[in-house]
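Remarks on the structure that follows.
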Amino acid sequence: MTEKEYNFTDIENKWQKRWDEKQSFAARVDKSKEKFYVLEMFPYPSGRIHMGHVRNYTIGDIVARHKKMKGYNVFHPMGWDSFGLPAENAAIKNNTAPFKWTSENIDYMKTQLKRLGFSYDWSREVGTYKPEYYRWNQWIFLKMLEKGLAYKKVSSVNWCPECMTVLANEQAENGVCWRCDSEVTQKELDQWFFKITDYADDLLAGHDEISGTWPEQVITMQKNWIGRSTGLKVNFKLESGEDFPIFTTRPDTVFGVTFMVIAPEHPLLDRVTDPKVKEFISRVKTQSMIDRTSEDKEKEGIDTGLKVINPFNGEKVSLYVGNFVLMGYGTGAIMAVPGHDVRDFAFAKKYNIPVKIVIDTPADPLKLEEMTGAYTGEGVCVNSGEFTGVNSSEAIEKIAAFAEKNGIGERMINYRLRDWGISRQRYWGCPIPVIYCDKCGTVPVPEKDLPVVLPTEVDFKGDATSPLTRMPEFTNVKCPACGGDARRETDTMDTFVDSSWYYARYTSPHSDKIFDEEEVNYWMSVDQYIGGIEHAVMHLLYARFFSMVLNDLGLLKNREPFKKLLTQGMVIKDGAKMSKSKGNVVDPDEIIKKFGADTVRLFMLFASPPVKDLDWSDKGVEGSYRFLSRVWRFMQKHKDLYLQEYTIDPELLSDEQKKLRIELHRTVKYVSHDIEERMQYNTAIARMMELTNALYAIDEDELYTDSGKKVFSEVVDKFIPIMNPFVPHFAEELWEDFGGKTMLVDVKWPEFTESLTIRGEIEIVFQVNGKIKTKMNVPSDITEDDMKKMAFEDHKVSELVTGKEIVKVIVVTGKLVNIVVK
RNA sequence: GCCGAAGUGGUGAAACUGGUAGACGCACCGGACUCAAAAUCCGGCGGGGGCAACCUCAUAAGGGUUCGAUUCCCUUCUUCGGCACCA
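Positions 236 to 1057 (the working numbering) are the ones given, in order, by the first sequence.
Set out below in structure tokens:
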């Protein structure tokens, strides 16, 4: 008999076609079943799938296929984050339309994903560049505008004077334009913002809900990013009597203020006439933000000549302009306490400003003349009026209370988080649905006029400015309010807007409402989200923000969109992340062609656990292929032994058959456990390899007896289904070869019998003073007393123990006996 | 600078709740099959010592807790990631 070859290309094509025909992964609302929503971060259609995608989506596919076998109603959609800069760059370079470029990329990448056998419900596909998707971006924008969550304000952006365009931060690295190398400046532009800061406390509170199911690392990064700090707003006064409020987290040092510093952008500075000061301000302002905030940037400042009065002690101090003070945080001005703040100390030394000690350590008093740096620790307040003698940590509270009582300050919470600027002076994005009318001002596009369609026939003229600005047919409109001539907003939205709610649109991608209620309420929230750690703050924070806004609008039931999050590691080769610039990219297509999709999937899961980085290894891929071939050959060789119907009588099994059966049940147990509890697929695969080794180790004659055939049949019935989530085409083909009537995708996950997972004999160790002296095989049902007895009977142990005082004996059942002697 | 994660054979890694360190794979070495090679199958594989049964050292380094530590605690070093004038 000739054995059937493992012809992976044919097998994979066959099953992909069959799943497609049978719509095996089409998700339908079924309230009698528990749903499970598995989602992987959707890709940007850059042209080709890379190994990072393969890894991400393979992990997702394991979860989806396994949950399906466990009886869940699984929802597993895929789509395209298809607006963004690369399409425009390609357009400028090759003079192709971004729409065409993007559509072609999607077509190709979709065939790649299909070739990998992922279990997506393609009927749920979304593409953010399609009007039927982005009209709801615009709709949400209008809702947010209504609620005051979208607003317009002037803010500064990176600007290239040569290219006459705005640059993203990553395009203005080192303060130089990426295209023309000219120096990037800051430009004030009127831009749209989302008020994410209104949700800062909500976003923080939500962390409690997802803590334990999200990586702590991600939660910590988000907390730092939001940067909530509590402190006191102190109302200093200018000589003129005007209020001059500042924010501080160290009210306990307020008596030590010896100068104040104000941001160069602060409006108060308009009244300064001193040319030296004006020159300083304009110089700092032309520095890019990157430049101003870069590493080791020296703190610079200049005395404005203005004086500020400290409301606590009436002292009059100088007001400086400083390049390090940010207009966007707090009040744009700070009080400076050089005695107890590192940065203030350096500034004071540089400009010969006095230093004052207001917190001291009585055991080792500070000496002003000897101080080489600020003392930032705790201590006792000195030179602090009625607070002198109070412990500094208590003084924070007491001074805040005093300030509130006397109307010279109030407790305040500040956030590092800023409102989300969403305007992009770019073509390939979702148009912002507003119209500017000379008479009526800013007018929202009426809902009935949505979507504002982005023209796809465009001419880039080889430059980076948005073609929209040159298209009167787009910009010239009638004002929806007065009917007069008006012009359309030509800015588009940040693409992070698109990806902030796509997970919910998947539930009803073709609905003529934002969501179909039945679908969205059944499927949301996402039970398991999988993606790269690089999205820890931006995407994952924006998506949570949108989910909360949509919840407040009554459109989503839950506030948190992603119940569980897995952040997978990078794919590494030769010690670096796979990337075009490093030239260490491995093309998935080539590997699929050479070894098949199942081998690629298997290797992706076997080489390391999902959360860790994965080292690409050509030899490792071969190893994965070898394992599949081994299983294939064994199964094909013994195919005729398989019985459709059988009942195993344990009494009739030989010892070898019993052992094999135990290995089988152990494999089912541990593979289930690794998938369900640990999401650690490398060890699950290792278990399956061990079972395969056991199959090869058993004497073939053992399989050819009556009971041998039954044990073999049980191996087939359990082993092939547990391989299914990992190598679905491979498993389906074998299953069919063994006469499986239903496709494996519809087969239940195998059960195991706990009593059959216990090996007859186990190895225990005897220790003396914690050191292993003897190892011994014993029956697995051995009692503690017997273990103890055997330990003392062991000649080696007794040699070391006799004549000595036995301090104690520790017995761990089934593991070890440790005798402690003196 | 601050915060966080990690450091285990030649190598990717495993050890789940403090209980036999190195499962499983790769590489390498040896054997079988073959005219030969590939493929495949079998065996070996942390270091040092011993003919040997065995002894001994070993999870970045040092210390601690414990009968027992890769696992918990402290210090140091290294690597990676995040934040970085946030008042």
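Yeah, the Cβ is synthetic: ideal placement off N, Cα and C, and Gly gets one too.
Tell me whether Arg578 sits in a helix, a strand or coil according to DSSP, three-state version. Helix at Arg578.
What are the boundary residues of the alpha helix (DSSP H) that includes Pro956? From DSSP, the alpha helix (DSSP H) with Pro956 extends over 941 to 958.
Among Asp726, Ser743, Ala921, which one has its Cα closest to the Cα of Ser859? Ranking the options by Cα distance to Ser859, first place goes to Ala921.
Buried/exposed call for Ile648, threshold 16 Cβ in 10 Å: Taking all protein chains shown into account, Ile648 has fewer than 16 neighbouring C-beta atoms within 10 Å of its C-beta and is therefore exposed.
Bridge partners - Ala571, DSSP secondary structure assignment: BP columns for Ala571 point to Phe494.
Could you pull out every residue in the same chain whose Cβ sits closer than 8 Å to the Cβ of Ile454, ignoring the five residues on either side in sequence? These residues qualify, in order along the chain: His442, Ile445, Ser446.
So what does Ala811 bridge to, in DSSP terms? In the DSSP output, where bridge partners are listed per residue, Ala811 has Lys808.
Relative to the C-alpha of Pro573, which candidate in Ile431, Thr611, Ala635 has its C-alpha closest? Proximity to Pro573 across Ile431, Thr611, Ala635 peaks at Thr611, based on C-alpha coordinates.
Tyr386 bridges to which residues according to DSSP? BP columns for Tyr386 point to Phe428.
In the DSSP assignment, find the alpha helix (DSSP H) that holds Val1055 and state where it starts and stops. Here Val1055 belongs to no alpha helix (DSSP H); instead the beta strand (DSSP E) covers 1051 to 1056.
Between the Cα of Met285 and those of Tyr343, Gln421, His745, spot the shortest distance and give me the residue it belongs to. According to the sequence displayed, residue 285 carries His and not Met. Of the listed residues, the one whose Cα sits closest to His285 is Tyr343.
Any idea which residues DSSP pairs Gly656 with across the strands? Phe428, per the DSSP bridge assignment.
Rounding to the nearest angstrom, what Cα-Cα distance links Asp296 and Val309 in this structure? One alpha carbon belongs to Asp296, the other to Val309, and they sit about 11 Å apart.
Within 8 Å, strictly: CB atoms of Leu332 and Glu692: Strictly speaking, residue 332 in this sequence is Ala, with Leu absent from that position. Yes.
For Cys616, count neighbouring C-beta atoms within 10 Å of its own C-beta (all shown protein chains included) and say buried if the count is 16 or more, exposed if not. Burial call: buried.
Could you tell me which residues DSSP puts in a beta bridge with Thr1009? According to DSSP, which records beta bridges pairwise, Thr1009 is partnered with Phe1001.
Per-residue burial, Leu438 [other beta carbons within 10 Å of its own, 16 or more giving buried]: Leu438 should be labelled buried.
Bridge partners - Leu439, DSSP secondary structure assignment: Beta-bridge analysis with DSSP links Leu439 to no other residue.
Using the C-alpha atoms, what's the distance from Asp787 back to Arg794? Rounded to whole angstroms, Arg794 to Asp787 spans 8 Å at the Cα level.
Could you tell me if Phe243 is buried or exposed, where buried requires 16 or more neighbouring beta carbons within 10 angstroms of its beta carbon? The residue is buried, with at least 16 neighbouring Cβ atoms inside 10 Å.
Could you tell me the alpha carbon to alpha carbon distance between Met1022 and Val1042, rounded to whole angstroms? Whole-angstrom Cα-Cα distance: 18 Å.
Decide yes or no for the touch test of the stretch 754 to 768 against the stretch 724 to 732: beta carbon pairs closer than 8 Å, at least 3 of them. They do not touch, by the three-pair rule.
Inter-residue spacing [alpha-carbon to alpha-carbon] between Tyr737 and Ala636: Taking the straight line from one Cα to the other gives about 47 Å.
Gly466 versus Ile631 - alpha carbon distance: A direct Cα-Cα distance of roughly 9 Å separates Gly466 from Ile631.
Under DSSP, the beta strand (DSSP E) around Thr539 begins and ends at which residues? It spans 536 to 544 - the beta strand (DSSP E) in which Thr539 sits, taken as one unbroken run.
Straight-line gap, Gly462 to Pro480 (C-alpha atoms, nearest Å): In this structure, the CA atom of Gly462 is about 21 Å from the CA atom of Pro480.
Tell whether a beta-carbon distance below 8 Å holds between Val846 and Gly789. In this structure, the beta-carbon distance from Val846 to Gly789 does not fall below 8 Å.
On the three-state DSSP scale, how would you describe Arg646? If DSSP states are grouped into helix, strand and coil, Arg646 belongs with the strands.
Rounded to whole angstroms, how far is the Cβ of Val556 from the Cβ of Ile537, which I believe are closer than 8 Å? Correct: roughly 6 Å between the Cβ atoms.
From which residue to which residue does the beta strand (DSSP E) around Val556 run? From DSSP, the beta strand (DSSP E) with Val556 extends over 551 to 557.
Given a threshold of 16 other Cβ atoms within 10 Å of its Cβ, counted over all protein chains shown, does Asn459 qualify as buried or as exposed? When all chains shown are included, Asn459 counts as exposed.
I'd like the list of long-range same chain contacts for Ser948, defined as Cβ closer than 6 Å, with 5 residues on each side in sequence excluded. Cβ within range, chain order: Tyr877, Leu878, Tyr881.
First and last residue of the uninterrupted alpha helix (DSSP H) at Val1036: Val1036 -> alpha helix (DSSP H) spans 1030 to 1036.
Cα separation between Met606 and Ile592? Between the C-alpha atoms of Met606 and Ile592 there is a straight-line separation of about 10 Å.
With three or more beta-carbon pairs closer than 8 Å as the criterion, would you say the stretch 501 to 510 touches the stretch 549 to 569? Under the three-pair Cβ rule at 8 Å, the stretch 501 to 510 counts as touching the stretch 549 to 569.
Identify whether Lys1039 lies in helix, strand or coil by the three-state DSSP scheme. DSSP places Lys1039 in coil when its eight states are reduced to three.
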